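Below: one structure, written as C-alpha cells.
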Amino acid sequence: MQENSKEYDAFQIPADIKISIKHKKATKCGTPLEKSELCPCCGREVEQEQKEIGISPIDLIYLGQGIPLFFLFLKQMIVVILIIFGIMGIYSLITNSITDNCLDDQSDLLILYQNGFCENNCPLPYNEDFLKIISILKTQECQIICNQFSNICTTTQSTKIALSNKQLDDDYKEAQAILVLCSIILFKIIQVLFRRHQKLTQDECDRGLLSASDFTAMFTKLPQNQYTESELRDSLTNYCKQITQFQPDQEFEIVKIIIAFDIFDYINIIRTKTELEKKYQFNESFKKINTQYPQQVTVETQKQLLQQIQQNEEELAKIDNDIQKKQFTQTTQVAFVTFQTKKQLETIVEYTKLTTWDLVWTAILNIFGKKLNKGFYFKDKLIQITRAPEPDDVFWENCGYNLKYKIKQRTISWFITLVLLITSFFILFGLDYVQNNYLKDQNINYVLLTIISLIISFIISIINAMIYFSITILANKEKHYTKTHYDVSVATKLIYVQFVNSGLLIMATNILVQGLSNGKEMNEDIELQSLAFSRPGGVAQDAFIITLINALITPLTSFFDIFYLRKLILQNQLQKNATNTITQTEANTIFEGPQVLLYDNYAYVCKTVWITLFFAPLVPISLFFCICGLFLYYWIQKYLLLRRKCRPPLQSSHLNSEMCNIINFSPILLAAGQLWVDFVFESNATTKIINFVSIGFSGLEFFFPFEKLVKKFISWPDDPNELNKYSEKWHELPTDYDRINPITRQLAIQNYVKFKQSVDNKGNNQNNQQNDQTLQALRQYAFEGGEYKFKSHLVHKLKAISNLQSNKQTNNIPISLIEMQPKIINQLQQQEDKTTLLGQQQYISQIERMQQQIQQPTSILQNQNPYNGYPPQQQYYPQDQNNQQLPYYQQNIQQQYYQPYQQNQFPNAQQPYYNQGQQVHQQQTGQYPYQQYTNHQYHY
Numbered sequence: 001m002q003e004n005s006k007e008y009d010a011f012q013i014p015a016d017i018k019i020s021i022k023h024k025k026a027t028k029c030g031t032p033l034e035k036s037e038l039c040p041c042c043g044r045e046v047e048q049e050q051k052e053i054g055i056s057p058i059d060l061i062y063l064g065q066g067i068p069l070f071f072l073f074l075k076q077m078i079v080v081i082l083i084i085f086g087i088m089g090i091y092s093l094i095t096n097s098i099t100d101n102c103l104d105d106q107s108d109l110l111i112l113y114q115n116g117f118c119e120n121n122c123p124l125p126y127n128e129d130f131l132k133i134i135s136i137l138k139t140q141e142c143q144i145i146c147n148q149f150s151n152i153c154t155t156t157q158s159t160k161i162a163l164s165n166k167q168l169d170d171d172y173k174e175a176q177a178i179l180v181l182c183s184i185i186l187f188k189i190i191q192v193l194f195r196r197h198q199k200l201t202q203d204e205c206d207r208g209l210l211s212a213s214d215f216t217a218m219f220t221k222l223p224q225n226q227y228t229e230s231e232l233r234d235s236l237t238n239y240c241k242q243i244t245q246f247q248p249d250q251e252f253e254i255v256k257i258i259i260a261f262d263i264f265d266y267i268n269i270i271r272t273k274t275e276l277e278k279k280y281q282f283n284e285s286f287k288k289i290n291t292q293y294p295q296q297v298t299v300e301t302q303k304q305l306l307q308q309i310q311q312n313e314e315e316l317a318k319i320d321n322d323i324q325k326k327q328f329t330q331t332t333q334v335a336f337v338t339f340q341t342k343k344q345l346e347t348i349v350e351y352t353k354l355t356t357w358d359l360v361w362t363a364i365l366n367i368f369g370k371k372l373n374k375g376f377y378f379k380d381k382l383i384q385i386t387r388a389p390e391p392d393d394v395f396w397e398n399c400g401y402n403l404k405y406k407i408k409q410r411t412i413s414w415f416i417t418l419v420l421l422i423t424s425f426f427i428l429f430g431l432d433y434v435q436n437n438y439l440k441d442q443n444i445n446y447v448l449l450t451i452i453s454l455i456i457s458f459i460i461s462i463i464n465a466m467i468y469f470s471i472t473i474l475a476n477k478e479k480h481y482t483k484t485h486y487d488v489s490v491a492t493k494l495i496y497v498q499f500v501n502s503g504l505l506i507m508a509t510n511i512l513v514q515g516l517s518n519g520k521e522m523n524e525d526i527e528l529q530s531l532a533f534s535r536p537g538g539v540a541q542d543a544f545i546i547t548l549i550n551a552l553i554t555p556l557t558s559f560f561d562i563f564y565l566r567k568l569i570l571q572n573q574l575q576k577n578a579t580n581t582i583t584q585t586e587a588n589t590i591f592e593g594p595q596v597l598l599y600d601n602y603a604y605v606c607k608t609v610w611i612t613l614f615f616a617p618l619v620p621i622s623l624f625f626c627i628c629g630l631f632l633y634y635w636i637q638k639y640l641l642l643r644r645k646c647r648p649p650l651q652s653s654h655l656n657s658e659m660c661n662i663i664n665f666s667p668i669l670l671a672a673g674q675l676w677v678d679f680v681f682e683s684n685a686t687t688k689i690i691n692f693v694s695i696g697f698s699g700l701e702f703f704f705p706f707e708k709l710v711k712k713f714i715s716w717p718d719d720p721n722e723l724n725k726y727s728e729k730w731h732e733l734p735t736d737y738d739r740i741n742p743i744t745r746q747l748a749i750q751n752y753v754k755f756k757q758s759v760d761n762k763g764n765n766q767n768n769q770q771n772d773q774t775l776q777a778l779r780q781y782a783f784e785g786g787e788y789k790f791k792s793h794l795v796h797k798l799k800a801i802s803n804l805q806s807n808k809q810t811n812n813i814p815i816s817l818i819e820m821q822p823k824i825i826n827q828l829q830q831q832e833d834k835t836t837l838l839g840q841q842q843y844i845s846q847i848e849r850m851q852q853q854i855q856q857p858t859s860i861l862q863n864q865n866p867y868n869g870y871p872p873q874q875q876y877y878p879q880d881q882n883n884q885q886l887p888y889y890q891q892n893i894q895q896q897y898y899q900p901y902q903q904n905q906f907p908n909a910q911q912p913y914y915n916q917g918q919q920v921h922q923q924q925t926g927q928y929p930y931q932q933y934t935n936h937q938y939h940y
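Taken in order, the sequence shown gives residues 1 to 940; the numbers are from the UniProt record's numbering.
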C-alpha cells in the first residue's frame, strides 16, 4: 500500500505516466461508465462513453448550460446569415455580376494607357471605356484622367462581384437598399423568436434543478467598510415598502444577506506561502534523486525559503487572531441578498434597472449634489442591483478591490489595446501606401496587388492574435467580481477591438492613402472615397480577402492547433522515456486536453457576423463566406469538444445572454454599411432616404422596448420556478452563497448537513469550533476557489458533503478520518456528474447514501492517533479486524493521500502550519487544530 500511496503524490519525481494517461481519459467530455476506475488525481471516472459528433446540442447539457446554449447560438447565427444571403445577398451578387461599370482588365484602352499613350489618346468621346472613366471620375480633363486611370476599378475576381461594378446604376442600388431594409426587419423578428427558443432551452436545462441565483440579487457599489448587515437590511426593507405602494400585489421578504468580506490579503499570503513550500519541496525531492540541488539553488537558498515561509506564517497568525476574536469586519462593495421568491427578485431588479440615459443623468445630478428619483440609495450612494451569478462563480478575494483600482487597471488595459490598434493602423497604412503609389505605375501588376492584400489580411490576423493574448492577460488584472463578468469582459473587448482592426481600419487607411496621394490633383467634384473603395487593391478587394481569410483561418487553426501538437510531442516523449524529471502535476497537465474557452468562441462568432454584415453591401459574397466559416466552425468545435478538449467548468446562461445583446447591434452595422457605400458612390436621394429608415429601425430597440411589444403578440414561456419559495427549497439547492463564502461557509454547511441528517446537535464546544472552521474555510478557498482555479460547478454540487469537518463531533467520527475525507468525497462527487441530468431527487438520494456511509461503524480507525498534520506513512490493509473487506470509502482513505512533507523535514520553528501542532494552536477540549492544506490542494 505504501507504493500505492506514492502514486498519488502530486510532486513525485519522476512522474508516473500511467496516472497521467488515466487523467487524460478521465477529463474527456464523455459520460462516465458505471463501475469505472477512478482517476487518482481528479477523482473522475477513467472509462467514459464517447458521444457521437452529430449529437444534438441539448444533449450536451451534462456539460452545463453554457455548452448547449453556445452551439444553439452558433446555429442561429448560421440561419440568420443564410436568410440575409437569400434576401439581399443573392440579388446583389447577380446584379453586381451582370453589370459592367468596371473596366475589363484586358481593355484595349486600359492597355494603351498603361503603355504611356494616355495623353495621345485623350479624349476618345466615342469609346465606351472612356465614357466609363469620365463617369466615374466625373471629369473630362485629360491630365486628371491620365493620372487616375490606374485607380479605376477593373474586373478582377473580387471587384466583378462587388457593388463597385454597378456603382453607376441607381435602380439596382435602390433595390438593394430596399432589400437591406427588409433584411433588418426580418432580422429583428427572428432574433425575438430565437430569444424565445433560447428561453425554452434554458428552462429545459433548468427543469428539476433550482439554483440559489434564482432567488438572489447582487448588490454592488456599496460603501466599503461603512455598513453592517442590519443597516443594509433596514434600508432595503424600507425601499421594498415603497415599491409595494406602487405595486400593491407585490410583497417582498428578505431571507438573508451575505456580505463579501475583504479577504484578498489573507488569500494572497496563503497562496504565496504555498508556492514557496512547493518550491522548497521540489528542490528537496530533486536532491534526493540527483544527490544535489538544481542549478542556482544552494543550502542558503533553501534557508531563505524557510525564512520566507515562516514570515508568511506570522502574518497569517495575526489575521487568524482577528478572525478568532470576531474582529474581521472589513466589508466590501458587494453583497448578495436572497429573496423569498424568484418573482420578488425579478421585480426589484427590473424596478431598479437604469437605462444609459439614466446613468448619464445621474452623473450630472451628482455634480450638483442631487439624486435621481429612481433606483436604490444606501448611505447617499446609488446601489447597482442585478441578478446574482452562480455562487461558485464569485471571486470572493476580488470583491475587496475598490473602484479606483479597477478603473486604473481597465484604463491600462484599454491603453495597451489602443497602442496595438495604432500599431496596426500604421502597418496597414504603410502597406496601402506602397500598394497605391509604387505598384500602380505604367504596368500594373495585379498579382503583386493581390499579394499585398493577402499580406494585409495576415497582418490583421496577427494583430488580432496579439490583441487576444493581451486582453485575456490584462483581464486578470482587472479583478472582476465573478468568472462570468470576466468572460463577458474578455469577449466584449475582443469583439469590439477586432472588429475595429478588421473592418474600420481597412476603410480608414484606404481613404487616407487615397486622399494623401491624390488630393492635390483631384477636382472638387471627384469623390476620393469612391476610388478608395473601387480601385485595384482598395476596400472592395481587401474586404473580399479579409472576410474569406477570417471565415477559414480561425476554424482551421483551431483544428490544427500548434499548442495541441506540442502537447502530443511532449506526451510521446514522456511515454518513450522510462524516466523523467517533471512532477506528477506537470505530467497530468501535459496529458489533459486543451481548455474550452467559451468567451473565445463567442468572440469569433460575433466578430465574424459583424464584419460580414458591415461589408455585405459592398461585397455580398462575404455572406457566403460567413455561412461556410460558421458551419465549419460549428462542426470543428463540436469535434474538438467531444474528442480532444478536456471537460469544461459548468457555466450559466449569463454569457450567452450578453452575447445575444451584442448581436443586436448587427442590424445597425448592416444599415451603416449600406448607407456608407451609397454615400460613396453617390446614389440617388430615394436610396439614401431608405438607408436612413434602415438606420432608424435597426436602432429602434435602444429607445423603444421592441421585444416587449413583440411579446404581446407572441406567447412567451412562463418560468416554472417563478413562485417557488426559498424557505421550502433551500435544502434542495446544490449550493448557496453562504456555503461558498469563505467567512460563512463552515457554519452554513454545518447547519445544512445537520438538516439533511435530521439529528440533534450533539457536538460539544460548537461555538469554540466555529472560528477555527472559518479559518480552515479561508485556507481551503485559497486553493479551491476564486481566480486561483475556475472550479467546476459539479464539485460544488455536493459541497456540503465534502466539508464534513464541520460535523465531525455530531457523528463521533475520528478526527484522522475526517481530515482525510475531502479527497474521497471529491472522487465520489465526480462519479455522480450525471446528477445534473437526473435532477434534484438523485442529488438528494446521493447525499443520503453518503451520510449512511459516514454513519457506519469505524472501529478499525479507533486505534489511529489523533490528527496531527498528515498521518505517518504506515502499512495499511483494506480489511477490518475481522478480515472483512472495508467499505469503499475506508479502503481508499490511506491510498489517496501521500504526505508531501515528512514529519522531521522542517526545524520545529519553521514547520508547515499544519505540522506545528500545539505550538501554533493551544488545543482545548473538543477543539482541533485545523488542517491548513488538504492533500488535494495541489491538483490544479
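In this text, a Cβ means the ideal position worked out from N, Cα and C, and glycines have one as well.
Small disclaimer: the values here were computed from a predicted structure and weren't measured.
Member of the options whose CA lies at the smallest distance from the CA of residue i
i: Ile-133; options: Phe-697, Leu-630, Phe-149, Tyr-126; result: Phe-149
i: Thr-352; options: Asn-321, Gln-340, Arg-387, Gln-333; result: Arg-387
i: Tyr-401; options: Tyr-113, Gln-333, Ser-413; result: Gln-333
i: Gln-541; options: Ile-422, Ala-616, Pro-123; result: Ala-616
i: Gly-629; options: Lys-645, Leu-618, Thr-612; result: Thr-612
i: Val-497; options: Leu-733, Ser-413, Glu-397; result: Ser-413
i: Phe-697; options: Leu-670, His-480, Phe-560; result: Leu-670
i: Gln-226; options: Asn-115, Lys-379, Ser-20, Lys-370; result: Lys-379
i: Asn-691; options: Leu-72, Glu-174, Ile-161, His-23; result: Glu-174
Cβ shell of residue i (< 6 Å), same chain only, five flanking positions each side left out
i: Pro-68; result: Pro-57, Ile-58, Leu-60, Ile-61
i: Thr-27; result: Glu-592, Cys-646, Arg-647
i: Ser-530; result: Val-680, Phe-681
Segment limits, alpha helix (DSSP H) that includes residue i
i: Gln-498; result: 483 to 499
i: Gln-571; result: 562 to 576
i: Met-77; result: 66 to 84
i: Leu-372; result: Run containing Leu-372: none; DSSP gives neither H nor E here.
Residues near residue i by beta carbon distance below 7 Å, same chain, minus five either side
i: Ile-17; result: Leu-574, Gln-575, Ala-587
i: Thr-272; result: Asn-312
i: Cys-142; result: Glu-119, Cys-122, Pro-123
i: Ile-254; result: Arg-233, Leu-236, Thr-237, Val-337, Phe-339
i: Ile-636; result: Pro-555, Ser-558, Phe-559
i: Glu-315; result: Ile-269
Beta-carbon contacts of residue i that lie in its chain and below 8 Å, excluding the five residues immediately before and after
i: Ile-663; result: Met-77, Gln-191, Cys-606, Val-609
i: Ile-184; result: Pro-667, Leu-670, Ala-671, Ser-694, Phe-697, Ser-698
i: Thr-244; result: Gln-250, Glu-251, Phe-252
Element boundaries [beta strand (DSSP E), containing residue i]
i: Gln-245; result: Here Gln-245 belongs to no beta strand (DSSP E); instead the alpha helix (DSSP H) covers 229 to 246.
i: Phe-376; result: 376 to 378
i: Val-255; result: 254 to 261
One or two residues paired with residue i in a DSSP bridge
i: Met-218; result: Phe-336, Thr-386
i: Gln-45; result: Here the sequence assigns Glu to residue 45, which means Gln is not the residue at that position. According to DSSP, which records beta bridges pairwise, Glu-45 is partnered with Leu-38.
i: Val-394; result: Thr-482
i: Leu-103; result: Thr-154
i: Pro-32; result: Gln-48
Burial state of residue i, where buried means 16 or more other Cβ atoms lie within 10 Å
i: Glu-275; result: exposed
i: Gly-430; result: exposed
i: Asp-249; result: exposed
i: Arg-745; result: buried
i: Val-360; result: exposed
i: Phe-614; result: buried
i: Asp-214; result: buried
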